[in-house]
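Scroll down for the structure; my scribbles are underneath it.
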Amino acid sequence: MEKDIFNINKNQLSYGRGYVYSLQYHLVWCTKYRKKVLKDGIDLECKKMLQDLAEEYRFQILAMEVMPDHIHMLVDCRPQFYISDMIKIMKGNLARQMFLLHPELKKELWGGRLWNPSYCAVTVSDRSREQVSAYIEGQKEKEKRKL
Numbered sequence: 001m002e003k004d005i006f007n008i009n010k011n012q013l014s015y016g017r018g019y020v021y022s023l024q025y026h027l028v029w030c031t032k033y034r035k036k037v038l039k040d041g042i043d044l045e046c047k048k049m050l051q052d053l054a055e056e057y058r059f060q061i062l063a064m065e066v067m068p069d070h071i072h073m074l075v076d077c078r079p080q081f082y083i084s085d086m087i088k089i090m091k092g093n094l095a096r097q098m099f100l101l102h103p104e105l106k107k108e109l110w111g112g113r114l115w116n117p118s119y120c121a122v123t124v125s126d127r128s129r130e131q132v133s134a135y136i137e138g139q140k141e142k143e144k145r146k147l
């Protein structure tokens, strides 16, 4: 009765030069003061900008939802990425672009900062990937039920 705990589905592995990997993270970060500013079309702009960043920096977004006061993402990235650098890239670029497109956000966020400085990063296994993806995709419905 021996289990093979190292059996990974070959289709879910990524290949680099001299290495094979499967690294997924569930990332969450919030707006400053938990202000509900990511709405009325701004949420769709955020999604587009994050997709563009993923393409530019060569990581894959497996699931994403932009809520009025926070963002959930399930990402698959290369082992060369430090997760803290990846978060910094996303939060920094997104804030800069949002303030250029929507200068009124600076007035609503008193200090002129879009994001809370903290974030949550959780590793995701092959077994929990589907659950995390479903959780992220169900965030909008959960928010609607609260109202």
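Each residue of the sequence shown is one higher than the one before, starting from 1 at the first, in the UniProt record's numbering. Ideal Cβ positions, reconstructed from N, Cα and C, are used throughout, including at glycine.
Asked                                                                                                                                                                                                   : Found
When we look at the beta-carbon of Leu-50 and count the other beta-carbons within 10 Å, is it buried (16 or more) or exposed?                                                                           : buried
Considering Gly-16, what are the terminal residues of the beta strand (DSSP E) in which it resides?                                                                                                     : 14-16
Using 8 Å as the cut-off, can you tell me whether the segment 116-125 makes contact with the segment 37-54, which would need three or more C-beta pairs spanning the two stretches below that distance? : no
For the alpha helix (DSSP H) that Cys-77 lies in, which residues bound it at each end?                                                                                                                  : It is not in any alpha helix (DSSP H) - Cys-77 carries neither H nor E in the DSSP assignment.
Using the rule of at least 16 other Cβ atoms within 10 Å of the residue's Cβ for burial, across every protein chain shown, is Tyr-25 buried or exposed?                                                 : buried
May I ask which residues mark the beginning and end of the beta strand (DSSP E) holding Met-64?                                                                                                         : 60-66
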